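Under our numbering, the residue at position 54 of the sequence shown is numbered 54, and the numbers go up by one with no gaps.
Using N, Cα and C, we set each Cβ at its ideal position, and we do this for glycine too.
From a predicted model like this one, the values you see are computed outputs, not experimental measurements.
One structure below.
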Amino acid sequence: MTDAEVEAMVPEFNGILGWVEQLGEVDVTGVEPMTAVIPNTLRLREDIVTDGDIRDKVLANAPAAEHGFFGVPKVIE
Numbered sequence: 001m002t003d004a005e006v007e008a009m010v011p012e013f014n015g016i017l018g019w020v021e022q023l024g025e026v027d028v029t030g031v032e033p034m035t036a037v038i039p040n041t042l043r044l045r046e047d048i049v050t051d052g053d054i055r056d057k058v059l060a061n062a063p064a065a066e067h068g069f070f071g072v073p074k075v076i077e
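So, in structure tokens, the structure goes:
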């Protein structure tokens, strides 16, 4: 930013800082802290570790498959 642009922004920044100072003066005694306006609750499920057992289905979509893996062109000489 040029010096002129910085000077033009000073009143705007001062206004923002004044507003933040006003927020610091608000009495929040008894106000419960929150992270969202609407309480979000997640439905949790038990994690079950599996091997997926779908390797053949996935590799069926591959343009090339070799030894149970995706076949890709050689990129290093």
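Asked, Found
"Spatial distance of alanine 4 from glutamate 21 (CA atoms)", "26 Å"
"Three-state secondary structure (DSSP) of glutamate 66", "strand"
"Cβ pair phenylalanine 70, alanine 60 closer than 8 Å", "no"
"DSSP three-state assignment for asparagine 14, whether helix, strand or coil", "helix"
"Where leucine 23 sits in the DSSP three-state scheme", "helix"
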